[in-house]
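*Asks:*
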Amino acid sequence: MHSNNQIVIYQSEDGQTQVDVRLGNETVWLTQAQMVELFQTTKQNVSLHVGNVFREGELEQESTVKEYLTVQNEGERKVSRKVKYYNLDVIISVGYRVKSKRGTAFRIWANKVLKQYLIKGYAVNERMRKEQIDELRQLVGMLGRTIQRPCCAHADDCRKPNRRKGRCGESCC
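Quick note: the sequence shown uses my numbering, first residue 480, plus one each step.
1. Please confirm if the stretch 555 to 571 is in contact with the stretch 603 to 618, defined as three or more CB-CB distances below 8 Å between the two stretches.
2. Under 7 Å, do V528 and R586 count as touching if we go by C-beta distance?
3. Using CA atoms only, rank isn't needed, just tell me which of D493, Q523, Q513 and K578 is closest to L567.
4. Are V515 and S572 touching if we call contact CB-CB under 7 Å?
5. Please go through the stretch 551 to 579 and give each complete alpha helix (DSSP H) segment of 4 or more residues, from N-terminal end onward.
6. Can you tell me whether L424 is buried or exposed? The criterion is at least 16 other CB atoms within 10 Å of its CB, across all chains shown.
7. With burial defined as no fewer than 16 other Cβ atoms inside 10 Å of the residue's Cβ, what is the status of N483: buried or exposed?
8. Hey, how far is the Cα of E535 from the Cα of E546?
9. Take the Cβ of R560 as the centre, count every other Cβ of all protein chains shown within 10 Å, and call the residue buried at 16 or more, exposed below.
10. Going by DSSP, what residues sit across from Y547 in a beta bridge?
11. Is N524 buried or exposed, if buried means 16 or more other CB atoms sit within 10 Å of its CB?
12. Measuring alpha carbon to alpha carbon, tell me which residue in T543, K599, V562 and S542 is nearest Q551.
13. Around the C-beta of Q511, are 16 or more other C-beta atoms found within 10 angstroms, so that it is buried, or is it exposed?
14. Tell me whether the beta-carbon of W508 lies closer than 7 Å to the beta-carbon of Y564.
15. Grab me the residues of G574's own chain with a C-beta within less than 7 Å of its C-beta, minus the 5 sequence neighbours each way, in chain order.
16. DSSP three-state call for T583: helix, strand or coil?
17. Could you say which of T549, I570, L548 and T506 lies nearest to E537 if we only look at CA atoms?
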């Protein structure tokens, strides 16, 4: 798992909350601090719900929690600490337990995605779809401009008195 593989999995309607996550083993990983930001709640609240998820047997800690050594600056010194990362299963479980406006917004978003999967068999990330359409339009435009160029390799060839035929068999220019 590499920390430079980051994506945005959730952005609030007002754009205030956006969470970057670690990718690894076909899931995403967040720290408790990131869950605090995602759900706009307290660290104590997230800790309580994480503990309950494991205590109640909803999830197994061994398969859903990983510890990574992180280095951070504290004043002028660098400090290494082990930080726990929780996978998507834990994030969703906490999201369904947290009582906050952002927790509610997350549940609405998650329910909408789940409903799309159940009804359509897939869910569409509209933001990514729009970005891909824009990229495709740019590619088509670039291909169109490339196709409209003369077939000769060098513009100087077009200015020679004895024009030669290009690769396509047509007179260049």
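The beta-carbon is built from N, C-alpha and C at its ideal position, and this holds for glycine as well.
*Replies:* The answer reads as follows:
1. no
2. Counted from its first residue, the sequence shown places residue 528 at position 49. Counted from its first residue, the sequence shown places residue 586 at position 107. According to the sequence shown, residue 528 is His rather than Val. For H528 and R586, no; Cβs fall outside 7 Å.
3. The residue given as residue 567 occupies position 88 in the sequence shown. The shortest C-alpha separation from L567 is found at Q513.
4. Against the sequence shown, residue 515 aligns to sequence position 36. Against the sequence shown, residue 572 aligns to sequence position 93. The answer is no: Cβ separation not under 7 Å.
5. 567 to 574
6. A query on residue 424 cannot be resolved here, the shown segment of the chain reaching from 480 to 652 and no further.
7. The residue given as residue 483 occupies position 4 in the sequence shown. Only weak support is given to the placement of N483: the predicted model assigns it a pLDDT of 43, under 50, and the value that follows is read from those uncertain coordinates. Exposed: under 16 other Cβ atoms inside 10 Å.
8. Stepping through the sequence shown from its first residue, residue 535 is reached at position 56. Stepping through the sequence shown from its first residue, residue 546 is reached at position 67. If I take the Cα positions, the gap works out to 22 Å.
9. In the sequence shown, the residue the question calls residue 560 occupies position 81. Answer is exposed; the Cβ neighbour count stays below 16.
10. One-based indexing of the sequence shown puts residue 547 at position 68. Note: Y547 sits in a beta bridge opposite V562.
11. As a first step, residue 524 is located in the sequence shown; it is residue number 45 there, counting from the start. Buried, because 16 or more other Cβ atoms sit within 10 Å of the Cβ of N524.
12. Taking the first residue of the sequence shown as 1, we reach residue 551 at position 72. With distances taken between Cα atoms, Q551 lies closest to V562.
13. Stepping through the sequence shown from its first residue, residue 511 is reached at position 32. When all chains shown are included, Q511 counts as buried.
14. As a first step, residue 508 must be located in the sequence shown, where it is residue number 29. As a first step, residue 564 must be located in the sequence shown, where it is residue number 85. In this structure, W508 sits near Y564, with a CB-CB distance shorter than 7 Å.
15. As a first step, residue 574 must be located in the sequence shown, where it is residue number 95. Excluding residues within five positions, the ones whose Cβ falls inside 7 Å are F518, G582, F585, R586 and A589.
16. Looking up residue 583 in the sequence shown gives position 104. If DSSP states are grouped into helix, strand and coil, T583 belongs with the helices.
17. Translated into the one-based positions of the sequence shown, residue 537 becomes position 58. Closest by C-alpha distance to E537, out of T549, I570, L548 and T506, is I570.
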